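Reviewing the structure listed below.
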Amino acid sequence: MCGIVGYIGNREALPISIEALKRLEYRGYDSSGTALIHEGKLQIYKKQGKIIELERSLPEPSRCSGHVAIAHTRWATHGAPNEINAHPHPDCKGEIAIVHNGIIENYKVLREQLIGLGHKFVSDTDSEVLAHLIEQYMSTDIGLEDAVREAMKL
28 MCGIVGYIGN REALPISIEA LKRLEYRGYD SSGTALIHEG KLQIYKKQGK IIELERSLPE
88 PSRCSGHVAI AHTRWATHGA PNEINAHPHP DCKGEIAIVH NGIIENYKVL REQLIGLGHK
148 FVSDTDSEVL AHLIEQYMST DIGLEDAVRE AMKL
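All residue numbers for the sequence shown refer to our numbering, where the first residue is 28 and numbers rise by one.
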């Protein structure tokens, strides 16, 4: 079972997301990660192992501050338990990051279609397909909310 955290607010998002992940440790996991927006750019940090390892790997606060973050603890279902397969997963442009719980049954077909459209996959997970689907829909000039809705239909 995974743990998912999201934060938008006036306080620094990274310490809040890490503390929230620590509160979910009892669920079990093999890796963890977080993504935040720092100075308008998406930053993703992931580690295999304990959340304390993720926390120790983070840069100094001035290099990773922000008020929006998502975070995730992963229990592997598709792909080995390693840093590459840890969530969050970005799109090709590094503008979208997703965390996900569950299994995407048709991910292999979707992945092949997206590769045919030029998408580059990094992980072996089913979840990464979502980031690329959203990116693909957004390339048709629909907004993020509608792109997420369309991706979820597949």
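Beta carbons are placed, not taken as given, at the ideal position from N, Cα and C, and that holds for glycine.
Note that the structure is a prediction, hence the values are computed from the model and not measured.
Problem - Alpha carbon of Lys77 to alpha carbon of Ile35, nearest angstrom - result: One C-alpha to the other measures close to 24 Å.
Handout entry: Exposure label - Asp153; buried when at least 16 CB within 10 Å
Key = The residue in question, Asp153, is buried, as its Cβ has 16 or more Cβ neighbours within 10 Å.
Handout entry: Coarse secondary structure for Ala47, derived from DSSP in three states
Key = If DSSP states are grouped into helix, strand and coil, Ala47 belongs with the helices.
Exercise for the section: Put Leu144 into one of helix, strand or coil per three-state DSSP. Expected result: It is coil, neither helix nor strand.
Exercise for the section: Could you tell me which of Glu139, Arg38, Ser59 and Glu39 sits nearest to Met28, measuring between CA atoms? Expected result: Closest option to Met28, Cα to Cα, is Ser59.
Exercise for the section: With distances taken Cα to Cα, identify the nearest neighbour of Ala158 among Lys135, Met165, Glu82 and Ile123. Expected result: If we check each option's Cα against that of Ala158, Ile123 comes out closest.
Exercise for the section: Give the straight-line distance between the Cα atoms of Gln75 and Ala103, rounded to the nearest whole angstrom. Expected result: Cα atoms of Gln75 and Ala103: separation of roughly 11 Å, rounded to the nearest angstrom.
Problem - Helix, strand or coil at Ile130 [DSSP, three-state] - result: The answer is coil: DSSP assigns Ile130 none of H, G, I, E or B.
Exercise for the section: Return helix, strand or coil for His159, following the three-state DSSP convention. Expected result: Correct three-state label for His159: helix.
Problem - Beta-carbon gap between Lys147 and Ala113 smaller than 8 Å - result: No, these two residues do not count as a Cβ contact at 8 Å.
Practice task
Rounded to whole angstroms, what's the CA-CA distance from Leu51 to Ile45? Just pull it up for me.
Solution key: Cα-Cα distance, rounded: 10 Å.
Problem - Asp151 versus Ser89: straight-line alpha-carbon distance, rounded - result: Put simply, the backbone Cα of Asp151 is about 32 Å away from that of Ser89.
Practice task
Using beta-carbon positions only, say whether Glu39 and Ser92 come within less than 8 Å of one another.
Solution key: Going by beta carbons, Glu39 and Ser92 fall inside the 8 Å limit.
Problem - Bounding residues of the beta strand (DSSP E) (the contiguous stretch that carries Ala113) - result: Neither: Ala113 is in no beta strand (DSSP E) and is coded neither H nor E.
Handout entry: Whole-angstrom C-beta distance between Ile31 and Asn128, which should lie under 8 Å
Key = Going by Cβ atoms, the distance from Asn128 to Ile31 rounds to 6 Å, so yes, they are a contact pair.
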